[in-house]
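Report on the structure given below.
Numbering (this note's numbering), first residue to last: 1304 to 1689.
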């Protein structure tokens, strides 16, 4: 009782939250039939997936980096991704769904900023960034400052998300199931700087984006970016250009891959020579469709933003929202053709109000480049709704 009296209200709340989430994870894992509960490593290094050697991140020899055509916006952070599979196990190709990973798989995504033009407020100067994807199969600590690594681990009954926060020394990351926040200032361009709070999601927030429902309304956690259409790209391997999916097949990481002519592919939304509509649909596909699809958390909205959706009304054109409430900003349609300023979609993309912004979590800043793309796409539509 004396201990509780001297604790601040904030401290008590954090303490109780930590106890609750630890208990929750244990209950989730124990509920999975056939799984013997074991605590997940508290340090990222204990997974033996990667390690730091001098100024370079070195991956376990059984892991393989992977790359996406389009990446989810996360406050201009860059991302380094890799996959680890149990020995003799393979990923199974799926045409329009998330690739089917075997039990025991680990998908890793490390978030970082380039050094030089970013400041961790109240601390030392560290880094800078803009829209960018990693082009090398490793990370150089002389150029990169790591913020967090998120693991998706596939257990017998499904996936579980684990956030690890990197220490200031950049030597290791520790499990933070309650998430974390860091105040930052980044220089995005010569004319733009932003102060914001970078948020590492907690255990429950991970599920908010990564959850889907099957035909029996059973909810499961799933990856987001690892679809064939978003991994269908060419990269240099040993000095030679090769399709990434073909490379994974050659390394015995992937099975059932059809001929590449039969593999879907999305448009790179940052490719300015590509058709505007294709770019816009691709942007919405990676940033919004994990919720806005017939199996996603936002399925009741009736707004479906996956690139395969071909009915304009379903992806928002002249569509009256079902339950937007105050988040509509007084606007009538999700997409008002010819009038981006009257469209709910751009209104919510341009907001940082937690009760109005879309996506609801995963960012603190407005993706100005993405917003400008969607704005131009709507502006170019034939105006008016019947």
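Ideal Cβ placement from N, Cα and C applies to all residues, glycine included.
Given residue i, which residues of its chain have a CB within under 6 Å of its CB, disregarding the five upstream and five downstream residues?
{"i": "residue 1408", "result": "1388, 1457"}
{"i": "residue 1682", "result": "1643"}
{"i": "residue 1550", "result": "1540"}
{"i": "residue 1404", "result": "1394, 1457"}
{"i": "residue 1440", "result": "1368"}
Does the beta-carbon of residue i have 16 or more other beta-carbons within 10 angstroms, so that it is buried, or is it exposed?
{"i": "residue 1393", "result": "buried"}
{"i": "residue 1565", "result": "exposed"}
{"i": "residue 1413", "result": "buried"}
{"i": "residue 1592", "result": "buried"}
{"i": "residue 1559", "result": "exposed"}
{"i": "residue 1599", "result": "buried"}
{"i": "residue 1528", "result": "buried"}
{"i": "residue 1554", "result": "exposed"}
{"i": "residue 1342", "result": "exposed"}
{"i": "residue 1545", "result": "exposed"}
{"i": "residue 1633", "result": "exposed"}
{"i": "residue 1609", "result": "buried"}
{"i": "residue 1390", "result": "exposed"}
{"i": "residue 1525", "result": "buried"}
{"i": "residue 1561", "result": "exposed"}
{"i": "residue 1563", "result": "exposed"}
{"i": "residue 1670", "result": "buried"}
{"i": "residue 1453", "result": "buried"}
{"i": "residue 1612", "result": "buried"}
{"i": "residue 1367", "result": "buried"}
{"i": "residue 1626", "result": "exposed"}
{"i": "residue 1466", "result": "buried"}
{"i": "residue 1345", "result": "exposed"}
May I ask which residues mark the beginning and end of the beta strand (DSSP E) holding residue i?
{"i": "residue 1469", "result": "1461 to 1469"}
{"i": "residue 1487", "result": "1483 to 1492"}
{"i": "residue 1360", "result": "1359 to 1362"}
{"i": "residue 1634", "result": "Premise fails: residue 1634 is in no beta strand (DSSP E) and is neither H nor E."}
{"i": "residue 1476", "result": "1476 to 1478"}
Would you kindly report the start and end of the unbroken alpha helix (DSSP H) that includes residue i?
{"i": "residue 1680", "result": "1671 to 1682"}
{"i": "residue 1584", "result": "1579 to 1591"}
{"i": "residue 1547", "result": "1547 to 1553"}
{"i": "residue 1652", "result": "1647 to 1652"}
{"i": "residue 1532", "result": "1531 to 1534"}
Once the 5 residues before and after residue i are set aside, which same chain residues still bring their CB inside 8 Å of it?
{"i": "residue 1607", "result": "1592, 1595, 1596, 1597, 1617, 1618"}
{"i": "residue 1577", "result": "1570, 1571"}
{"i": "residue 1684", "result": "1620, 1638, 1640, 1641"}
{"i": "residue 1365", "result": "1387, 1388, 1390"}
{"i": "residue 1369", "result": "1384, 1385, 1386, 1529, 1534, 1547, 1551"}
{"i": "residue 1664", "result": "1502, 1504, 1508, 1511, 1512"}
So, for residue i: in the same chain, excluding its five sequence neighbours on each side, which residues have a beta-carbon less than 7 Å away from its beta-carbon?
{"i": "residue 1468", "result": "1451, 1476, 1477, 1479, 1483, 1503"}
{"i": "residue 1354", "result": "1348, 1361"}
{"i": "residue 1660", "result": "1651, 1654"}
{"i": "residue 1449", "result": "1413, 1415, 1469, 1473"}
{"i": "residue 1378", "result": "1499, 1501, 1666, 1667, 1668"}
{"i": "residue 1674", "result": "1649, 1652, 1653"}
{"i": "residue 1630", "result": "1651, 1658, 1659"}
{"i": "residue 1380", "result": "1414, 1415, 1416, 1432, 1450"}
{"i": "residue 1557", "result": "1393, 1394, 1396, 1548, 1551"}
{"i": "residue 1309", "result": "Bear in mind that a pLDDT of 37 at residue 1309, under 50, signals an unreliable position, so the number given afterwards is only what the model happens to contain. The answer is none, since no qualifying residue turns up."}
Using DSSP bridges, identify the partner residues of residue i.
{"i": "residue 1386", "result": "1367, 1410"}
{"i": "residue 1544", "result": "1539"}
{"i": "residue 1451", "result": "1414, 1468"}
{"i": "residue 1381", "result": "1415"}
{"i": "residue 1440", "result": "In the DSSP output, where bridge partners are listed per residue, residue 1440 has none listed."}
{"i": "residue 1502", "result": "1484"}
{"i": "residue 1356", "result": "1359"}
{"i": "residue 1403", "result": "1395"}
{"i": "residue 1557", "result": "1394"}
{"i": "residue 1566", "result": "In the DSSP output, where bridge partners are listed per residue, residue 1566 has none listed."}
{"i": "residue 1457", "result": "1462"}
{"i": "residue 1445", "result": "Bridge partners of residue 1445: none, in fact."}
{"i": "residue 1644", "result": "In the DSSP output, where bridge partners are listed per residue, residue 1644 has none listed."}
{"i": "residue 1495", "result": "1492"}
{"i": "residue 1346", "result": "1477"}
{"i": "residue 1620", "result": "1638"}
Assuming residue i contacts residue j under a Cβ cut-off of 8 Å, what Cβ separation, rounded to an integer in Å, is found between them?
{"i": "residue 1375", "j": "residue 1589", "result": "6 Å"}
{"i": "residue 1602", "j": "residue 1680", "result": "Incorrect: roughly 23 Å between the Cβ atoms, too far for contact."}
{"i": "residue 1583", "j": "residue 1676", "result": "6 Å"}
{"i": "residue 1373", "j": "residue 1586", "result": "7 Å"}
{"i": "residue 1604", "j": "residue 1624", "result": "7 Å"}
{"i": "residue 1636", "j": "residue 1614", "result": "Actually they do not touch by this definition, with Cβ atoms about 15 Å apart."}
{"i": "residue 1464", "j": "residue 1506", "result": "7 Å"}
{"i": "residue 1398", "j": "residue 1567", "result": "7 Å"}
Would you say the beta carbon of residue i comes nearer than 7 Å to a heavy atom of the ligand MN?
{"i": "residue 1567", "result": "In the structure on display, the ligand MN does not appear, and there are no ligands present to speak of."}
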